[in-house]
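Below you'll find the structure, written out as structure tokens, and then a few comments.
Pasting the structure below:
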């Protein structure tokens with residue numbers, strides 16, 4: 002994975018595979034604490050204790066494949082940048098994954114194209130309620146697809162014109178915080 006946005010896409014797709022109908026993605030930069038925190042929380046099936054113990058093993062997968070590299074690669078990326086990951090899950094109640102990075106660490110992967118990642122998730126999964134939060138210190142941008150869908154009425158959220166407006170809004174929201182969406 003070349004950037005953090007690709008990790009976000011991978012983990013969010015895992016949430017969807019686990020039956021999540023609501024996913025909260027939060028990217029928080031704290032410049033004073035030199036910390037980048039990524040949180041992905043879902044209401045999917047969750048995991049039992051045995052599955053949780055095996056999550057960072059690259060030869061473990063719940064999908065019938067021989068390897069499950071998503072979480073091990075995210076954990077490696079976090080450790081390379083002076084951080085780590087935590088995963089809390091309960092069967093039937095969902096999962097919360099947090100990855101911590103040293104914001105200024107030379108080996109921290111760039112955030113990548115957060116806008117395209119979020120728009121891709123919305124376009125391909127219109128029935129999922131997605132909340133995206135991007136924070137730099139005390140400033141935050143937030144997008145909540147359940148509110149947008151309510152305002153749209155009968156217009157699908159993955160209608161091309163809607164996606165175009167969402168892309169512009171997300172990009173402007175990220176840039177408004179002063180750092181831009183592609184780093």
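In our numbering, the protein residues as written are 2 to 184.
Every residue, glycine too, gets a C-beta built ideally from N, C-alpha and C.
Here the structure is a predicted model, which is why all the values come from computation and not from measurement.
With DSSP collapsed to three states, give me the class of residue i.
i, result
"residue 139", "coil"
"residue 68", "Because residue 68 carries a pLDDT of 41, less than 50, the predicted location of this residue cannot be relied on, and the following value inherits that uncertainty. Three-state result, residue 68: coil."
"residue 8", "helix"
"residue 87", "strand"
"residue 32", "coil"
"residue 144", "strand"
"residue 42", "strand"
"residue 178", "coil"
"residue 149", "helix"
"residue 170", "helix"
"residue 1", "Any property of residue 1 remains undetermined from this structure, which presents the chain solely from 2 to 184."
"residue 112", "coil"
Round the Cβ separation of residue i and residue j to the nearest angstrom and send it over; I've been treating them as touching at under 8 Å.
i, j, result
"residue 101", "residue 36", "6 Å"
"residue 149", "residue 158", "6 Å"
"residue 130", "residue 38", "Contact flag wrong, Cβ pair sits at about 22 Å."
How far does the beta strand (DSSP E) with residue i in it extend, from its first residue to its last?
i, result
"residue 22", "Segment: none, residue 22 is in no beta strand (DSSP E) and carries neither H nor E."
"residue 103", "95-103"
Measuring straight from C-alpha to C-alpha, what distance separates residue i and residue j?
i, j, result
"residue 53", "residue 86", "12 Å"
"residue 94", "residue 13", "16 Å"
"residue 47", "residue 25", "15 Å"
"residue 144", "residue 73", "28 Å"
"residue 122", "residue 97", "18 Å"
"residue 124", "residue 109", "28 Å"
"residue 166", "residue 32", "30 Å"
"residue 174", "residue 51", "40 Å"
"residue 21", "residue 107", "35 Å"
"residue 117", "residue 10", "10 Å"
"residue 7", "residue 34", "24 Å"
May I ask which residues mark the beginning and end of the alpha helix (DSSP H) holding residue i?
i, result
"residue 120", "115-125"
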